[in-house]
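Numbering (my numbering), first residue to last: 805 to 1059. Heads up, the beta-carbon is just placed ideally off N, CA and C, and yes, glycines get one too.
Okay, structure coming up:
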């Protein structure tokens, strides 16, 4: 539904044969499996903690998963973002160990997610980064994580900036017009996920943000849904690189 993964054998093969830049990034980064306290009914939340081994950065960044779960792709994305932006990054495992490998499984996991509980996990993640010496914490996320990034901007007081990618939360979860922090939104002009991230949905989001006087940027790309996800049919290298650099610059300015 949200990310059609083609050429499955190619994707699986590449996961076992990382390119040289993967090893360079891994060697330069401190990567730890951690757990943090959460008021979610499921209790403490597992996560992946990432920072440069020689970094003294105090900028914290929560990176939120797509509907697949905390898989290797989102971990690699977080490592790349943390390295390029010199962030201390945390990737919460909102599904608590569950992973999807196909669209049907991913849809099932996302449909059964406790969204208010996930917001509580994000609150716990922000508090965790602040306890690790970060002076400010931002949040970014993709697809499901993008929608939750917007919700976190409205509902989590510990968040100082938010940069969602192609995802919009439902009205029952939050009022986007009440966001009080800087927001930078990234969407695809060819996104066909009506009701979640289509251009029509983006126009509705924009109107609500403007009506609420929210400080926001909106960037549209000649791309479809999941355009930053390597391995998806809609991956667009040019749009991905531009969007991620904009997000990094935005976070460095506001954190």
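Ranked by Cα distance from residue 1030, the first of 1023, 889, 989, 1039 is 1039.
Taking the Cα positions, residue 936 is about 12 Å away from residue 854. In this structure, the alpha-carbon of residue 915 lies about 26 Å from that of residue 987.
In the DSSP annotation of this structure, the continuous segment of the beta strand (DSSP E) that includes residue 864 starts and ends at 863-868.
For residue 913, there is no enclosing beta strand (DSSP E); the residue is part of the alpha helix (DSSP H) that begins and ends at 907-915.
Taking the Cα of residue 965 as reference, the smallest distance to any Cα among 845, 852, 832, 1056 is reached at 1056. Rounded to the nearest whole angstrom, the CA to CA distance from residue 911 to residue 949 is 14 Å.
Contact annotation, residue 906 with residue 851: C-beta distance approximately 25 Å; criterion of less than 8 Å not satisfied. Separation of residue 958 and residue 920 (C-alpha to C-alpha, rounded to the nearest whole angstrom) is 12 Å. The continuous alpha helix (DSSP H) containing residue 932 extends over residues 919-935. By the beta-carbon neighbour count (other beta carbons within 10 angstroms, threshold 16), residue 834 is exposed. Counting only the Cα atoms, residue 1011 lies some 32 Å from residue 899. Contact between residue 1016 and residue 981 holds: CB atoms are separated by about 3 Å, below the 8 Å threshold. For residue 837, the three-state secondary structure derived from DSSP is strand.
Under the three-state reduction of DSSP, residue 1032 is assigned to coil, being neither helix nor strand. Apart from the 5 residues on each side of it in sequence, residue 881 sits with its Cβ closer than 8 Å to the Cβ of 867, 946, 1032 in its chain, given in chain order.
Looking at the DSSP output, residue 965 bridges to 942.
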